[in-house]
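Colleague: In the working numbering, the protein residues as written are 23 to 376. Let me give you the structure first, and then I'll get to my questions.
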Ligand code: GLA
């Protein structure tokens, strides 16, 4: 028996996660517009019922929405925004600037030479202005920049953006996004902050510099790709709590959990399926419950109002193929969209029963 359970079949009358946590935070998921194409009725029913916040997993990334300098592909994002509006959902935009899923045209001229900082920034600003103003008032939070820090937790990541423009690209990106939609919440999103020693301090120093220079930034996105066995819960909580000092310089400072999942393999583990012992099943339950308990705490303190999963069910998680092919169990719904037992623990937690 794995963490899924035959006892709980897919049940359209099942309780709703976002309804259960409504006094604490929105609960959401990364989706794709394939759910709206008429061939995924079951998934569509599930996401409408279980979530009230959404982000596109791919289609708003730079290489999808802006593949060539003179070409934008807005149609999927327009459909996403219409879906969000029709369902009263909170929407996240992901991501304006990133070193992955970014087309080369940003960085090179027509002869293949690397562009200078001014031209790169001008291209980036046009990209941000066009996208953010199109969805002004409709996308609630933007991941303005994604993963700008090096995995050592100390330096900036050595990307083309950084090589060409230093940290100027980050500050300009936030400035331009704020001009394009002054009411959108602007987020710096990263995966390092929960676990990497020193990353919180590095981020706090940089965000303080941004604020001192008058750059608008409203919150920090915690991707929260949690490792079932490897991640240390107490460290994670401690590192996240450090970030809360930002409330002293950012009015209304918020954290957002942007890409939550529970990876059931360690980084270098070669197995292709998980051997579910009683201990491992209990750890899975414990981690889910304690992390959500922590999210509720942060919400009560006014720092968290949105928790999104990266994917809707185990079958559509990126973790089945990363860093190698294996069968993973990161989310609350299994491959047949059945509710896992742990979800009932979360419902109890939200109701104050555990
Ligand atoms: C990162 C990115 C996301 C997504 C996930 C998993 O965390 O921010 O856009 O690509 O990896 O694929």
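For each residue, glycine too, the CB sits at the ideal point set by N, CA and C.
So who's on the other strand from residue 209, going by DSSP bridges?
Modeller: Within the chain shown, residue 209 is the residue found at index 187, counting from 1. Per DSSP, 165 and 241.
Colleague: What residues match up with residue 277 in a beta bridge as DSSP calls it?
Modeller: Along the chain shown, read from residue 1 onward, the residue named residue 277 stands at position 255. Residue 277 is bridged to 242 and 326.
Colleague: Which same chain residues end up closer than 6 Å to residue 39 when comparing Cβ atoms and leaving out the 5 residues on each side of it in sequence?
Modeller: Against the chain shown, residue 39 aligns to sequence position 17. So the qualifying residues of the chain are 49 and 72.
Colleague: With a 10 Å radius around its C-beta and 16 neighbouring C-beta atoms as the bar for buried, classify residue 377 as buried or exposed.
Modeller: Because residue 377 is not part of the residues shown, which for the chain are 23 to 376, the question remains open.
Colleague: Would you report the Cα separation of residue 109 and residue 244, rounded to the nearest angstrom?
Modeller: Translated into positions along the chain shown, residue 109 becomes position 87. Translated into positions along the chain shown, residue 244 becomes position 222. Cα to Cα, residue 109 sits roughly 25 Å from residue 244.
Colleague: Can residue 372 and residue 43 be called in contact, C-beta distance under 8 Å?
Modeller: In the chain shown, residue 372 corresponds to position 350, counting from 1. In the chain shown, residue 43 corresponds to position 21, counting from 1. Closer than 8 Å, so yes.
Colleague: Please report how far the alpha carbon of residue 252 lies from the alpha carbon of residue 309, in whole angstroms.
Modeller: Along the chain shown, read from residue 1 onward, the residue named residue 252 stands at position 230. Along the chain shown, read from residue 1 onward, the residue named residue 309 stands at position 287. Going from the Cα of residue 252 to the Cα of residue 309 covers about 11 Å.
Colleague: For residue 181, count neighbouring Cβ atoms within 10 angstroms of its own Cβ and tell me buried if that reaches 16, exposed if not.
Modeller: Taking the chain shown and counting its residues from 1, one reaches residue 181 at position 159. Counting Cβ neighbours within 10 Å, residue 181 comes out buried, since at least 16 surround it.
Colleague: If you measure from the CB of residue 281, is any heavy atom of the ligand GLA nearer than 7 Å?
Modeller: Counting from 1 along the chain shown, the entry for residue 281 is found at position 259. Residue 281 Cβ: within cutoff of the ligand GLA.
Colleague: Can you find a heavy atom of the ligand GLA that lies under 7 Å from the Cβ of residue 135?
Modeller: Sequence index remark: in the chain shown, residue 135 carries index 113 (1-based). Checking the Cβ of residue 135 against the ligand GLA gives no.
Colleague: Give the secondary structure of residue 436 by DSSP, where H, G and I count as helix, E and B as strand, and everything else as coil.
Modeller: Beyond the ends of the chain as shown, which are 23 and 376, falls residue 436; an answer cannot be given.
Colleague: Count the other CB atoms within 10 Å of the CB of residue 93; is the residue buried (16 or more) or exposed (fewer)?
Modeller: Residue numbering aside, residue 93 sits at position 71 when the chain shown is read from its first letter. Counting Cβ neighbours within 10 Å, residue 93 comes out exposed, since fewer than 16 surround it.
Colleague: Buried or exposed: which applies to residue 296, given that a residue is buried once 16 or more other Cβ atoms fall within 10 Å of its Cβ?
Modeller: Locating residue 296 in the chain shown gives position 274, counting from the first residue. Flag for residue 296 reads buried.
Colleague: Do you know offhand how far residue 294's Cα is from residue 336's?
Modeller: In the chain shown, counting from the first residue as 1, residue 294 sits at position 272. In the chain shown, counting from the first residue as 1, residue 336 sits at position 314. Spanning the two alpha carbons is a distance of roughly 15 Å.
Colleague: Tell me the DSSP secondary structure of residue 149 in three-state form.
Modeller: Position 127 of the chain shown, counted from the first residue, corresponds to residue 149. Helix at residue 149.
Colleague: Among residues of its own chain, excluding the 5 on either side of residue 367, which ones have a beta-carbon nearer than 8 Å to its beta-carbon?
Modeller: For the purposes of this step, residue 367 is identified with residue 345 of the chain shown, where counting begins at 1. So the qualifying residues of the chain are 307, 310, 311 and 376.
Colleague: When burial is assigned at 16 or more other CB atoms within 10 Å of the CB, is residue 242 buried or exposed?
Modeller: To locate residue 242, count along the chain shown from 1; it is residue 220. Per the 10 Å Cβ criterion, buried.
Colleague: If you run the structure through DSSP and keep just helix, strand and coil, what is residue 218?
Modeller: By one-based count along the chain shown, residue 218 stands at place 196. Here residue 218 sits in coil by DSSP.
Colleague: Where does residue 30 sit, in a helix, a strand or coil, going by DSSP?
Modeller: Here the question's residue 30 lines up with position 8 in the chain shown. Since pLDDT at residue 30 reaches only 48, below the 50 mark, its modelled position is unreliable, and no value is offered.
Colleague: In three-state DSSP terms, what is residue 293?
Modeller: Within the chain shown, residue 293 is the residue found at index 271, counting from 1. Residue state, collapsed to three classes: coil.
Colleague: I think residue 166 touches residue 195, with their Cβ atoms under 8 Å apart; what is that distance to the nearest whole Å?
Modeller: As a position in the chain shown, residue 166 is number 144, starting the count at 1. As a position in the chain shown, residue 195 is number 173, starting the count at 1. Confirmed, Cβ separation roughly 5 Å.
Colleague: In whole angstroms, what is the alpha-carbon distance linking residue 286 and residue 247?
Modeller: The sequence position of residue 286 within the chain shown is 264, counting from 1. The sequence position of residue 247 within the chain shown is 225, counting from 1. Residue 286 and residue 247 have their C-alpha atoms some 11 Å from each other.
Colleague: When you compare each of 319, 348, 349 and 346 to residue 45 by their alpha carbons, which one comes out closest?
Modeller: For the purposes of this step, residue 45 is taken as residue 23 along the chain shown, with counting starting at 1. For the options 319, 348, 349 and 346, the alpha carbon positioned closest to that of residue 45 is the one of 319.
Colleague: Measuring straight from C-alpha to C-alpha, what distance separates residue 28 and residue 135?
Modeller: By one-based count along the chain shown, residue 28 stands at place 6. By one-based count along the chain shown, residue 135 stands at place 113. With a pLDDT of 46 at residue 28, under the threshold of 50, the modelled position of this residue cannot be trusted; read the value that follows with caution. Near 58 Å, if we compare the C-alpha coordinates of residue 135 and residue 28.
Colleague: Can you pull the DSSP bridge partners for residue 136?
Modeller: Stepping through the chain shown from its first residue, residue 136 is reached at position 114. DSSP, once it has assigned bridges, lists 130 as partnering residue 136.
Colleague: Classify residue 156 as helix, strand or coil using the three-state DSSP reduction.
Modeller: Your numbering for residue 156 matches position 134 in the chain shown. Correct three-state label for residue 156: helix.
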